[in-house]
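Take a look at the structure set out below.
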Amino acid sequence: MASGLQNYVVEETSDEWVLYHNNFSLCSRKVRLCLEEIGLNYRSEHIDLIETGKYEVASKRFLKINPGATVPVLLHKGRPIYESHEQIYYLVEHTDNKNILPSSESDKENMDYWVKKSSLIGNPLTNQNQYAGNSVAPLTFPLFVAMMRYVSFKEIFIGLRTHPMKERVIGFFIFKTFGMKVFNSLFPFSKLLKSSFLNLSKHLDDLEKHLEDKNSLWIVGEEFTLADISWAVILHRFHECGWGGLLLADKPLIKKYYFNLLDKESFKIAIDKASHPILTKGIDDLRKTFSTKSSLKDIYTQLEKAK
163 MASGLQNYVV EETSDEWVLY HNNFSLCSRK VRLCLEEIGL NYRSEHIDLI
213 ETGKYEVASK RFLKINPGAT VPVLLHKGRP IYESHEQIYY LVEHTDNKNI
263 LPSSESDKEN MDYWVKKSSL IGNPLTNQNQ YAGNSVAPLT FPLFVAMMRY
313 VSFKEIFIGL RTHPMKERVI GFFIFKTFGM KVFNSLFPFS KLLKSSFLNL
363 SKHLDDLEKH LEDKNSLWIV GEEFTLADIS WAVILHRFHE CGWGGLLLAD
413 KPLIKKYYFN LLDKESFKIA IDKASHPILT KGIDDLRKTF STKSSLKDIY
463 TQLEKAK
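Note that this note's numbering has the sequence shown beginning at 163, numbered continuously upward.
Below you can see the structure in the form of structure tokens.
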């Protein structure tokens, strides 16, 4: 699918703004946080992913909204805007509240750099050296596995028939079938976790150095911007997946920055309060896995020693 605003209508609606999203989706969180920050009224349409129980994202109804079967999708007067990094810029450009845009051109360029660096673009197994979002995606696999315990094989099989990206469905079938065993040496996921961890660590090194040089409350300066919105969901994601303590062990400035994010009311509404029962159970199960002898625990220990 082409990114940005499309020149066709996918839904006849009296609502100026509609957001099709998922509570667990990292990119959905980014757009919800942006909407909360600018205080925009919108109609919320929660769409299930297989991680939250079923392939509603591949239903006939939703495929009319996005044939690519991904969320979020932002509608403006019925016209879709695809890709979350495009959506947050579009929102700011088309609303009166510009408080999350820097005033100077140099600060805008700085913001754009950090927004792009945080993005999840294309195949998350590629370009991890460019995009932190691509690096964090495979680090979510253990949480996917934990959540699949609460999803039926039947729902996964439905995706084989309806979802346009069959490789994704096959991946979740493997997670459901083998559970945490997928992180032993017989599968490629162990090596992928390690490489993604190292790539994300490099992005975090860059952010830590930037925060040290900038010596400001937020990434661009004293004002909260789209750069902070974009990094908030990255930091939150690897914390809920159990990697936070390890990734930030030597990054005191990012730790402080993350605590500031957690205190924001918009963060609490858009992310903390927007959970899902399967997600809650998955996080609890994953914590137990990290604390007991397992292939995943072995990977964690290896990365800890390599730090």
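Every residue gets a Cβ at the ideal spot worked out from N, C-alpha and C, and that includes glycine.
Given the structure is predicted, the values throughout are model-derived calculations rather than measurements.
DSSP beta-bridge partners of residue i
i, result
"ILE243", "LEU167, LEU236"
"TRP405", "Beta-bridge pairing links TRP405 to no other residue."
"TYR182", "GLU207, VAL235"
Residue i versus the options, residue with shortest Cα-Cα distance
i, options, result
"PRO229", "VAL180, ILE431, ASP269, GLN168", "GLN168"
"GLY383", "ILE332, THR442, MET273", "MET273"
"SER280", "LYS430, ALA389, ALA436", "ALA389"
"ALA411", "ASP434, ASP460, ALA468, LYS459", "ALA468"
"GLU402", "LEU211, ASP434, HIS372, ILE416", "ASP434"
"GLU178", "GLU385, HIS256, ILE227", "HIS256"
"LEU348", "HIS372, ILE336, ASN377", "ILE336"
"LEU369", "MET310, TYR293, PHE429", "TYR293"
"GLU174", "ALA432, ASN361, LYS239, TRP276", "LYS239"
"VAL307", "GLU466, GLY444, PHE452", "GLY444"
"SER206", "LYS278, ILE227, LEU236", "LEU236"
"ILE227", "PRO286, VAL277, ALA436, LEU181", "LEU181"
"LEU360", "LYS418, PHE315, LEU408, SER392", "LEU408"
"VAL277", "SER392, LEU225, SER268, GLU466", "SER392"
"THR451", "ILE416, LEU415, GLY341", "GLY341"
"PRO286", "GLU271, LYS328, LEU354, SER268", "LEU354"
"LYS418", "ASP446, GLU427, SER378", "SER378"
Residue i, enclosing alpha helix (DSSP H) - first and last residue
i, result
"GLY295", "294-301"
"GLY230", "Neither: GLY230 is in no alpha helix (DSSP H) and is coded neither H nor E."
"HIS365", "351-376"
"PRO439", "439-453"
"ASP412", "Element bounds for ASP412: n/a, residue is neither H nor E."
"LYS316", "315-324"
"LEU330", "The question names Leu, yet the displayed sequence has Arg at residue 330. It spans 328-340 - the alpha helix (DSSP H) in which ARG330 sits, taken as one unbroken run."
"LYS467", "457-468"
"GLU199", "188-200"
"ASN272", "267-280"
Cβ neighbour criterion (16 or more within 10 Å) applied to residue i
i, result
"SER363", "buried"
"GLU245", "buried"
"TYR462", "buried"
"ASN296", "buried"
"THR288", "exposed"
"VAL171", "exposed"
"ILE243", "buried"
"ARG449", "exposed"
"PRO300", "buried"
"PRO264", "buried"
"PRO439", "exposed"
"ARG194", "buried"
"LYS192", "buried"
"THR387", "buried"
"THR454", "exposed"
"PRO350", "exposed"
"GLY404", "buried"
"ILE250", "buried"
"GLU213", "buried"
"ILE332", "exposed"
"PHE303", "buried"
Cutoff 7 Å; reference residue i; Cβ partners in own chain excluding five residues on either side
i, result
"GLU248", "SER165, GLY166"
"TYR515", "With the chain represented from 163 up to 469, any question about residue 515 goes unanswered, as that position is not in the structure."
"ASP375", "none"
"PHE429", "LEU195, ALA394, LEU423"
"SER358", "GLN290, SER297, PRO300, LEU301"
"TRP380", "PHE386, THR387, ASP390"
"MET310", "PHE334, PHE337, LYS338"
"THR442", "none"
"ALA432", "ARG191, ARG194, LEU195, GLU198"
"HIS208", "HIS183, ASN184, ASN185"
"ALA436", "ASN185, ARG194"
"LEU415", "GLU370, LEU373, GLU374"
Own chain residues within Cβ distance below 6 Å of residue i, not counting five before or after
i, result
"HIS183", "SER190, VAL233, PRO234"
"LEU188", "VAL395, ARG399"
"SER457", "PHE345, ASN346"
"ILE283", "TYR293"
"TYR252", "ILE243"
Close Cβ partners of residue i (< 8 Å) along its chain, the five nearest in sequence each way excluded
i, result
"ALA220", "ALA231, ILE320, GLY321, THR324, HIS325, PRO326"
"SER176", "none"
"GLN464", "LYS356"
"VAL254", "CYS196, ILE200, LYS260, ILE262, LEU263, LEU388"
"ASN210", "Checking the sequence shown, residue 210 turns out to be Asp, not Asn. The residues are ASN184, LYS216, TYR217, GLU218, VAL219."
"LYS459", "THR451, PHE452, SER453"
Chain D contact for residue i (CB, 7 Å cutoff)
i, result
"PRO264", "Annotation note: the requested chain D is absent from the structure, which comprises a single protein chain."
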